[in-house]
Structure formats: C-alpha cells, structure tokens
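Line order of the protein sequences matches chains R and D. Here the working numbering runs 8 ahead of the position in the first sequence, where the first position is 1. Here the working numbering runs 17 ahead of the position in the second sequence, where the first position is 1. Heads up, the beta-carbon is just placed ideally off N, CA and C, and yes, glycines get one too. No experiment lies behind these values; they were computed from the predicted model shown. Here is the structure we will look at, set down as structure tokens.
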Amino acid sequence: MKKFIKRNSRELSIVIAIVIMGVAFGIKEPIYLSGDNMKDIFEQSIIYGLMALGMTAVIISGGIDLSVGSALALICVIISKAAVGGLSPFIAILLAFAISITLGLFNGILVSNLKLQPFIATLGTMSVYRGIAYLVSDGYPVLNVPSEYRKLINGDFLNIVDTSTILFIGFALFMYFIMTKLKLGTYIYAIGGNEEAARLSGIKISSVKVKIYAIAMIGTGIAAMIQVARLGTGDPTTGQGYELNAIAAIAIGGTSMAGGRGTIVGTLLGAILFAGLRNGLIVSNVATFWQYVATGVVIIIAAYIEVIQDNFAKIFKKKGSETQGITV
Amino acid sequence: MNNNDNYIRFENITKAFAGQRAVNDVSFGIRKGEIHAIMGENGAGKSTLLNLLHGVHQPSNGCIYIDGKMTKFHNIHDGIVAGICKIHQEINVVSELSVMQNLMLGSELSRYGFVKKKEMIKETNEILRRLKCNFSSMDKIGPLSAGHKQMIQIARALRTNAKIISFDEPTASLSNNEVDILFEIMRDLNNQGITILYISHKLDEVLKICDRATILRDGKYINTYEIKNTSKEELIKSMVGRDVSMFAKRTKPSRVRQDKTVLKVENLCGETFKNISFDLKQSEILGFFGLVGAQRTEVMRTIFGADKKFDGKIYRKNELINNKTPNEAIKNGIAFVSENRKEEGYIKEFSNSNNIALASLSKYMERGMVSRKLKNENSINQGSYVGLYPNDPEFYTNNLSGGNAQKVILAKWLSTDADIIILDEPTKGIDVGAKTEIYKLMEEILENGKSIILVSSELTEVMGMSDKIIVMNEGKMVGELDKSDFSEKDILSDALGGN
Chain R
9 MKKFIKRNSR ELSIVIAIVI MGVAFGIKEP IYLSGDNMKD IFEQSIIYGL MALGMTAVII
69 SGGIDLSVGS ALALICVIIS KAAVGGLSPF IAILLAFAIS ITLGLFNGIL VSNLKLQPFI
129 ATLGTMSVYR GIAYLVSDGY PVLNVPSEYR KLINGDFLNI VDTSTILFIG FALFMYFIMT
189 KLKLGTYIYA IGGNEEAARL SGIKISSVKV KIYAIAMIGT GIAAMIQVAR LGTGDPTTGQ
249 GYELNAIAAI AIGGTSMAGG RGTIVGTLLG AILFAGLRNG LIVSNVATFW QYVATGVVII
309 IAAYIEVIQD NFAKIFKKKG SETQGITV
Chain D
18 MNNNDNYIRF ENITKAFAGQ RAVNDVSFGI RKGEIHAIMG ENGAGKSTLL NLLHGVHQPS
78 NGCIYIDGKM TKFHNIHDGI VAGICKIHQE INVVSELSVM QNLMLGSELS RYGFVKKKEM
138 IKETNEILRR LKCNFSSMDK IGPLSAGHKQ MIQIARALRT NAKIISFDEP TASLSNNEVD
198 ILFEIMRDLN NQGITILYIS HKLDEVLKIC DRATILRDGK YINTYEIKNT SKEELIKSMV
258 GRDVSMFAKR TKPSRVRQDK TVLKVENLCG ETFKNISFDL KQSEILGFFG LVGAQRTEVM
318 RTIFGADKKF DGKIYRKNEL INNKTPNEAI KNGIAFVSEN RKEEGYIKEF SNSNNIALAS
378 LSKYMERGMV SRKLKNENSI NQGSYVGLYP NDPEFYTNNL SGGNAQKVIL AKWLSTDADI
438 IILDEPTKGI DVGAKTEIYK LMEEILENGK SIILVSSELT EVMGMSDKII VMNEGKMVGE
498 LDKSDFSEKD ILSDALGGN
C-alpha cells in the first residue's frame with residue numbers, strides 16, 4: 009500500500025485535486041455534482057483528452073506536437089466529405105485512422121530523418137495541415153454529414169455507454185498498454201530521459217520517433233471522428249488552440265515537458281480535471297474572461313506543484329526511491 | 018601553531034550527506050601565499066572540503082576561519098565577495114559569446130543599462146596581458162582550446178580581486194603544453210600574493226608546483242607534508258594507506274586462447290585517428306593506453322558503430338562486419354561501457370531493473386509484453402553477480418554511488434549476449450573498494466570465455482590487468498607490448514610520442 013502511494017503520488021494528488029474541486033463547485037452550485045453534469049464534464053474532456061493521450065508519448069520522448077489542432081480540422085473535413093459523398097461510415101472511419109497515421113508519420117519523419125526540432129517541425133505542419141483543410145473544403149464547413157455515420161459514433165453501446173466514451177477509454181488503454189507493456193514504451197521513456205544513452209544501448213532512435221508521432225496522431229484521428237459525429241459538420245476552422253489545451257492537460261497530469269517522465273493515467277486525470285474546471289466555472293457563472301485567467305492559474309499551480317514535489321523529493325531522498333519516470 | 022600557518026583554518030570540519038560523512042572532523046591550516054595541494058583518492062572528501070570553503074555547502078559541524086575571522090558563507094557568491102574564487106574542473110564558458118563577454122558575464126560595466134564596451138575591452142585586455150594570453154578580447158570562445166577557456170575562468174577570478182583561488186583538477190582536459198603555461202600562471206599569481214589551493218590526482222604535478230600537500234583519506238585528515246621534505250612514495254602511501262600495486266592485479270592465471278581471434282581490426286580510420294589494427298583473442302584483456310587526446314575512445318566508438326567509420330575492416334570470428342549503428346554492434350556481440358556514466362551510460366529516470374534491461378529488452382517478453390517479473394529477476398541475478406549494493410530492482414540508478422552506477426551499467430551489458438566487452442575508463446571516479454570489485458569482475462568475465470578491451474588512462478590499471486597493451490598517441494598506434502615486455506617507462510614514453 010505504502011509503495012502504491014509512493015509510486016502513484018502524482019496521480020493520487022490529481023485525484024485529490026479533482027475531489028476538492030468537485031466539493032468546492034458542488035457547494036456553490038449543487039447542480040455541478042449531478043449525474044448529467046458529471047457526464048457532460050466527461051464528454052467535454054474527450055476531444056482534447058484523446059489528443060493529450062497521444063501527445064503524452066511524444067512529450068515523454070522529449071518532443072512536442074503542435075499540429076494536432078490543425079490535424080483535427082483536416083481529418084474532420086476529409087471524413088465529412090467522404091461521408092457526405094456517400095462513402096460507407098465504416099470506410100470513413102478507416103479513412104480517419106489512415107489519414108491520422110499519415111499526418112503523424114510526416115511529423116515523425118521531419119523530426120527523426122530531417123532532424124528538425126519538434127517544436128519547429130510541428131509548428132510548420134500545424135500551418136500546412138490547416139491550409140490543406142481549407143483547400144479541401146474551399147474554406148466552408150462541410151455540412152449535413154449523414155445520420156448513419158453520426159449514429160455509429162454518437163450512439164450508445166447496448167444502451168449503456170456512449171460509443172465516444174468507449175473510444176476514449178479504449179484509446180487510453182491502448183496508450184497505457186504501449187507505454188507500460190511494450191518494448192516501445194520503455195524505449196520512449198529511455199529516449200526522453202537520455203537520448204545518447206538510449207542510442208548506445210542499441211535503441212533505433214529514428215524508427216522509435218517516427219512510430220511515436222504516428223501513434224500519437226491516432227488519438228487526434230479518433231477525436232475527429234467524434235467531433236464530426238457530434239456536430240454533423242466538418243469545419244476547417246475547428247481545433248484552433250486545442251493543442252494548447254492538450255498540453256495543459258498533460259502538464260496538469262504531471263508529465264515533464266523536458267521528457268523522460270510522465271504517465272498515461274496522469275494525463276487522463278489531467279484532462280478530466282481540466283474539463284471539470286472549465287465546466288465548473290461556466291456552471292457557477294464566472295465571466296468568460298475570468299475563466300481564461302482561472303484556467304491559466306491552475307496550469308501554473310500544477311507546474312509549481314511539480315517543482316516543489318521535486319524539491320521535497322530531494323530533501324527527503326534518504327532511500328533514493330522517489331517516484332520518477334517509468335515504474336513498470 | 019603560529020598564526021602565519023593559519024591564514025585559512027579548518028577547525029573540526031564535518032560534512033554529512035544523508036548520514037554519510039564525506040568530510041569527517043578535519044582540522045588543518047593553510048599559509049598565506051602558498052600553493053597548497055589537497056590530495057586523496059576519489060571520494061576522499063577533497064571536493065567536498067573545497068565546496069565548504071567556497072560556501073557551496075555549509076559544514077554540518079566545525080568552523081572555517083580566514084585571516085582569523087570566522088566565515089559563514091551561504092552560497093558561492095558570498096565566497097566570491099570575500100575574495101575566494103574557484104576554477105572548476107569542467108570548463109564552463111558560453112561558447113557563442115566573445116572572450117570579453119564571457120569575462121564580464123554577470124558583472125558587465127554599464128551606464129543607464131547600456132554596456133560600456135570600450136572600457137570593458139580595455140579591462141579585458143589588461144587582464145589577458147597579466148595572464149600572458151595570446152588571444153584577443155573579441156575572439157569567439159567556441160574555437161579556443163581547453164587551456165584558453167580555462168584562462169578565461171582564471172581571468173574571471175582575477176577580476177573579482179580574489180585573494181584565494183582554488184583549482185579542482187585543472188589539468189584534466191589540458192595538453193602538456195597548456196599545463197606548463199597554467200603552472201607558470203599559478204606561480205605568477207602566487208608571487209602576486211594570492212593563496213592557491215590545488216586539488217589533483219597527479220602526483221608529479223603536485224611535486225612540481227606545490228609548497229605543501231595535505232592528504233585526506235575516507236573523509237579524514239591524514240597529514241600535511243612539506244613538498245621539499247617528502248617523496249612520491251610517501252605521498253602515495255599515505256593516500257591509499259596500503260600498497261598501490263595491490264589493486265589492479267590479476268588473481269588468476271591468464272588463459273588467453275591465442276588460437277581463437279574474436280575480433281580483428283584492420284587499418285581502421287575515423288575522423289580523428291588512422292590505421293588502427295589489432296587482434297583480440299578469446300579470454301584476453303587488451304589494454305589501450307594513451308594520454309588525453311590519444312583518441313582511444315573514438316576508436317572504440319567507431320568499432321561500436323556510434324561514430325562514423327571512414328575506412329578499414331572489422332572481422333568478428335573471421336566474418337566481415339560493418340556496424341553502422343550501436344544496434345548492429347550489439348547484435349554482433351559487442352558491448353560498450355562508456356566513460357561518461359551519467360551522459361551515456363544510464364537513464365536517470367530509470368530504476369536499476371529498467372536500466373539493466375535496456376539493451377536486452379527482448380529477453381524479458383512474455384506473450385508479446387515486457388514482463389516486470391522477468392526484468393526484476395534478471396536485475397537481481399545480474400546485480401548479485403556484479404556485487405551491486407543495494408541490489409534493489411526498484412532503486413533509482415541515479416541515486417547510487419559512482420561505483421554502483423558503474424556496476425548497473427556492467428550488468429546491463431552482461432545481460433546482453435555480448436562476448437566482446439569494451440570498457441572505457443571503467444574505474445574513473447570510483448572509490449578504491451569498488452575499483453577492486455570491478456577488477457575482480459573483469460576476471461570473471463574472462464572465465465566465461467568473453468574478451469575485454471580495456472581503455473584506461475591509469476597506467477597501473479592497464480599494466481595490472483591487461484594481457485597485451487596497445488599504446489596510442491594523437492590518433493595513431495605507437496606501441497604494442499606483450500605482458501612480458503610491460504614497462505612503465507616504455508609505455509609512458511610511447512604514449513608521450515617519444516621513441
């Protein structure tokens with residue numbers, strides 16, 4: 009038990025933060041804790057939650073992906089067009105996966121083969137993908153996505169759970185599996201922790217990096233499917249600034265922007281905390297402008313907790329087994 | 018004890034880190050205007066003592082007096098204000114800036130926020146002249162040699178009107194010529210009344226430049242010697258407290274399989290070296306000796322596929338191989354223990370079990386997944402084989418001592434199927450006890466039919482452990498000696514480039 013707490017201290021502290029937040033908002037506006045609102049919060053966390061889950065792997069490897077917001081718009085536009093054009097919903101879904109992997113591969117090749125800095129490479133593709141989204145759609149939203157498609161994703165599974173929830177949880181499990189059970193996961197942590205040591209241990213850095221960016225973008229592909237199903241349109245302007253929301257969720261979840269440490273569970277909780285905060289501010293009628301301020305303050309506090317946690321760890325480093333990085 | 022002997026006075030200084038006493042009840046004095054060496058094996062507490070003097074750390078117990086006054090520095094800056102400066106072991110300069118900018122960094126002369134360039138250049142030139150430097154204040158730092166970069170550090174110290182300057186292993190990255198220049202400057206500074214503290218492993222340097230030497234061992238004060246009344250042997254003896262040759266010595270008879278060549282290198286050329294050829298036999302330790310700049314590490318990195326090969330052939334058991342990446346080298350059964358443990362050896366965010374498993378991850382798979390259980394089992398097995406303490410799979414390697422971190426790295430490579438193990442300075446920065454254990458381990462590796470290439474700058478180590486020694490100088494092979502021909506004098510003169 010003690011070991012469990014020690015190893016998962018960061019995740020537990022987010023859970024505590026979520027509980028405190030729930031109680032605080034709940035006292036002010038009891039409706040906040042109603043089942044419907046909690047479901048809303050969860051659903052609101054899904055879009056950038058999916059993007060954040062994928063990007064967590066990128067950030068743990070020491071990179072970053074700024075292009076996810078634009079990629080979301082591009083995938084939305086293309087699958088909307090395909091669905092409107094009469095393609096079967098299943099093919100449209102497969103198309104979403106294929107495009108997202110392609111866009112991710114392209115990011116990965118820029119970073120690993122051309123050796124561009126991830127920030128700059130994905131800043132470039134952020135603009136490229138957005139531009140292509142406008143080109144494909146002529147700048148107008150693609151309207152009237154057929155209901156067969158919308159029902160497939162937006163419906164319920166056996167009348168119990170939303171399909172989108174299943175996709176979200178499914179992708180979280182998929183990422184968790186990769187990061188903790190596969191060789192690839194260990195290699196991602198190793199590269200983020202010390203790239204040269206990883207290379208000298210025989211890890212093929214380029215190939216791992218290409219894989220990370222491709223896998224990460226699958227989250228954005230699923231987010232696009234859900235977005236199109238929810239709204240019934242493929243809007244080329246969608247997703248602006250979503251990459252920053254995703255990064256915020258990751259940071260709140262305790263992943264180090266310097267790479268080498270972080271967890272999928274942390275990001276999942278971070279996304280929920282982030283959505284819960286935004287929802288709570290709306291429910292308690294905080295003015296929009298103040299919502300921005302409050303959100304920013306929470307991100308900064310989360311980052312600061314990370315800093316003081318490190319210091320505490322240093323001070324109390326007696327046995328030297330403070331939680332950091334991979335624990336599998 | 019007269020006051021003259023106690024310009025700097027350490028009085029019952031103790032410093033404990035996490036319960037471990039790095040410095041233990043040390044008391045001695047340093048005379049004004051002398052060059053005073055502080056010597057001891059790695060981990061003897063020299064650097065810690067110096068850090069206490071400079072205010073980097075504060076003593077757990079005891080006091081330091083300077084010129085009769087008790088000091089209480091909270092950080093290194095307090096020390097600098099009081100006229101105490103440190104020249105670091107690592108050369109830290111900002112390579113994109115000019116000599117002048119580096120020199121003035123943090124204390125630029127300015128008026129209303131604008132820098133006064135002319136005055137700064139003038140002041141820089143004055144200091145450079147005082148240090149007899151032959152580069153100009155506007156030169157970029159980047160291309161300057163290690164020795165020149167060190168001069169910038171000394172110049173920075175002079176600018177703060179330091180009265181006490183300490184040097185922590187200043188010659189580690191300098192060429193012989195640069196060492197001579199450094200010593201000349203140290204003497205000049207000394208003549209100007211500056212007291213110098215000098216930490217070094219290198220006995221010859223201490224005998225050459227210092228007035229007195231204080232020996233520490235395991236954190237305790239042993240003795241202070243007048244250099245003119247002592248000898249190399251006496252200093253060595255008091256440093257290690259036992260016979261030196263005991264450490265690096267083979268305890269078992271060598272069983273080199275002369276008939277079995279496991280690695281054959283022919284005319285290997287790389288960016289900084291040329292025409293390296295040698296054979297490695299089964300169960301052999303092949304030593305590579307050379308001074309700094311001999312390019313031994315570069316040869317090994319090229320064999321391991323970490324650096325680009327320009328020309329030459331490498332055969333593994335008569336089969337031509339071409340390692341373009343470390344990954345291919347590992348598949349060909351070669352392991353490389355780098356001399357930079359922190360930077361290249363292990364992942365600091367990883368536990369022992371993860372670090373040990375990193376190069377052989379495929380071995381711990383169960384139904385397509387990495388099995389934590391198998392990794393931990395391997396970690397415990399390999400850990401006990403190499404004598405890791407604590408042998409805890411969940412312990413973070415980064416929190417281990419240098420010797421134990423090195424054992425983790427050895428365990429990592431022994432977990433692979435490599436039978437050619439390249440050890441680059443395997444005992445660098447490791448305490449005496451761990452050193453002996455690593456030597457013992459090397460012999461056990463041989464017993465298992467594996468072979469070792471030992472790159473080392475410690476002559477006693479290379480001579481004690483190797484079956485054969487190759488001497489390098491500036492990227493060329495200059496000597497090849499069999500065990501029966503080992504002689505300290507020959508090897509050193511080869512390494513120095515003499516004949």
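**Asked** Within 6 Å: the Cβ of D/LEU471 and any heavy atom of the ligand NAP?
**Response** What this structure holds is no ligand at all, so the ligand NAP is not there to describe.
**Prompt:** Taking Cβ positions, are D/THR241 and D/PHE45 nearer each other than 7 Å?
**Reply:** The answer is yes: Cβ separation under 7 Å.
**Asked** Are the C-beta atoms of D/LEU405 and some chain R residue less than 7 Å apart?
**Response** no
**Prompt:** How many Å lie between D/GLU442 and R/VAL66 at the Cα?
**Reply:** Their Cα atoms are separated by approximately 35 Å.
**Item:** Sheet register partners of R/LEU131 (DSSP bridge)
**Value:** In DSSP, R/LEU131 forms no bridge with anything.
**Item:** chain R contacts from the segment 358-374 of chain D (Cβ-Cβ distance under 7 Å)
**Value:** Going along the segment 358-374 of chain D in chain order, one finds GLU360, GLU361, GLY362, TYR363, ILE364, LYS365, GLU366, PHE367, ASN371 with a Cβ nearer than 7 Å to chain R.
**Message:** Restricting to Cα atoms, I'd like to know which of D/ILE181, D/ALA230, D/GLN118 is closest to D/GLN209.
**Reply:** Nearest of D/ILE181, D/ALA230, D/GLN118 to D/GLN209, Cα basis: D/ILE181.
**Item:** Between the CA atoms of D/SER217 and D/ILE47 - distance to the nearest angstrom
**Value:** Using only the alpha carbons, I get a separation of about 17 Å.
**Request:** Kindly indicate which three-state DSSP category D/CYS227 falls into: helix, strand or coil?
**Result:** coil
**Item:** Coil, strand or helix - R/GLY333 by DSSP
**Value:** Caution applies to R/GLY333, whose pLDDT of 44 falls short of 50 and renders its modelled position unreliable; the value that the coordinates give is listed next. Coil at R/GLY333, not helix or strand.
**Request:** May I have the straight-line CA-CA distance separating R/ALA180 from R/LEU61, to the nearest angstrom?
**Result:** 7 Å
**Contact belief for D/THR319 with D/GLY287 at Cβ below 8 Å, rounded distance in angstroms** = The pair is a contact, with the Cβ atoms about 4 Å apart (cut-off 8 Å).
**Under 8 Å by beta carbon: chain C residues contacting R/GLY268** = Absent here is chain C; the protein component of the structure consists of chains R and D.
**Simplified DSSP state of R/THR64, which is helix, strand or coil** = helix
**Prompt:** In terms of residues, what are the limits of the beta strand (DSSP E) holding D/MET494?
**Reply:** 493-499
**Prompt:** Grouping DSSP H, G and I as helix and E and B as strand, with all else coil, what is R/GLY328?
**Reply:** Confidence at R/GLY328 is low in this model, with a pLDDT of 41, below 50, so its placement is unreliable and the value that follows should be read with caution. Reduced to three states, the DSSP call for R/GLY328 is coil.
**Request:** Starting from R/ILE174, trace the alpha helix (DSSP H) both ways and give me its first and last residue.
**Result:** 171-189
**Prompt:** For the putative contact between D/ASN395 and D/ALA374, defined by C-beta atoms under 8 Å, what is the C-beta separation to the nearest angstrom?
**Reply:** 6 Å
**Prompt:** In terms of alpha-carbon separation, which member of R/TRP298, R/THR246, R/ILE226 lies closest to R/PHE105?
**Reply:** R/ILE226
**Request:** Would you check if the distance between the CB atom of D/ASN415 and the CB atom of D/LYS365 is smaller than 7 Å?
**Result:** For D/ASN415 and D/LYS365, yes; Cβs fall inside 7 Å.
**Request:** Compile a chain-ordered list of the residues in the segment 313-338 of chain D whose CB is closer than 8 Å to at least one CB of chain R.
**Result:** Cβ contacts with chain R come from PHE321, ALA323.
**Prompt:** Buried or exposed: where does D/TRP430 fall if 16 or more other Cβ atoms within 10 Å of its Cβ makes it buried?
**Reply:** buried
**Prompt:** Between the segment 121-129 of chain D and the segment 70-80 of chain D, are three or more C-beta pairs nearer than 8 Å?
**Reply:** no
**Asked** If you count every other CB in all the chains shown that lies within 10 Å of the CB of R/ARG207, and 16 or more means buried, which is it?
**Response** buried
**Message:** If I measure Cβ to Cβ from D/LEU476 and keep anything under 8 Å in the same chain, skipping five residues before and after, which residues do I get?
**Reply:** PHE306, GLU505, ILE508, LEU509
**Asked** Can you tell me where the alpha helix (DSSP H) with R/ILE226 in it begins and where it stops?
**Response** 213-239
**Prompt:** Counting along the chain, where does the alpha helix (DSSP H) carrying D/GLN399 start and finish?
**Reply:** 389-403
**Item:** Contact with chain R by D/LEU214, beta-carbon distance below 7 Å
**Value:** no
**Request:** Could you work out which residues of chain R lie near D/PRO343, taking near to mean beta carbons separated by less than 8 Å?
**Result:** Correct list: ARG207, LEU208, SER209, GLY210.
**Request:** Answer with buried or exposed for R/PRO126, where buried requires no fewer than 16 other C-beta atoms within 10 angstroms of its C-beta.
**Result:** buried
**Item:** D/PHE366, DSSP secondary structure in three states
**Value:** Note that residue 366 of chain D is Glu in the sequence shown here, rather than Phe. Under the three-state reduction of DSSP output, D/GLU366 falls in the coil class, being neither helix nor strand.
**Item:** Span of the alpha helix (DSSP H), counted from its first residue to its last, around D/PRO53
**Value:** Here residue 53 of chain D turns out to be His, not Pro, going by the sequence shown. Premise fails: D/HIS53 lies in the beta strand (DSSP E), 52-56, not in any alpha helix (DSSP H).
**CA nearest to the CA of R/LEU190, picked from D/TYR381, D/PHE353, D/SER483** = Distances from the CA of R/LEU190 to each of D/TYR381, D/PHE353, D/SER483 were compared; the closest alpha carbon is that of D/TYR381.
**Request:** Quick one: residues in its chain with C-beta nearer than 8 Å to the C-beta of R/ILE313, no 5 flanking neighbours on either side, listed in chain order?
**Result:** SER21
**Prompt:** Along chain D, which residues have their Cβ under 7 Å away from the Cβ of R/LYS14?
**Reply:** Neighbours of R/LYS14 on chain D: none; closest Cβ ~10 Å, over 7 Å.
**Request:** Please classify D/GLU201: is it buried, with 16 or more other beta-carbons within 10 angstroms of its beta-carbon, or exposed?
**Result:** exposed
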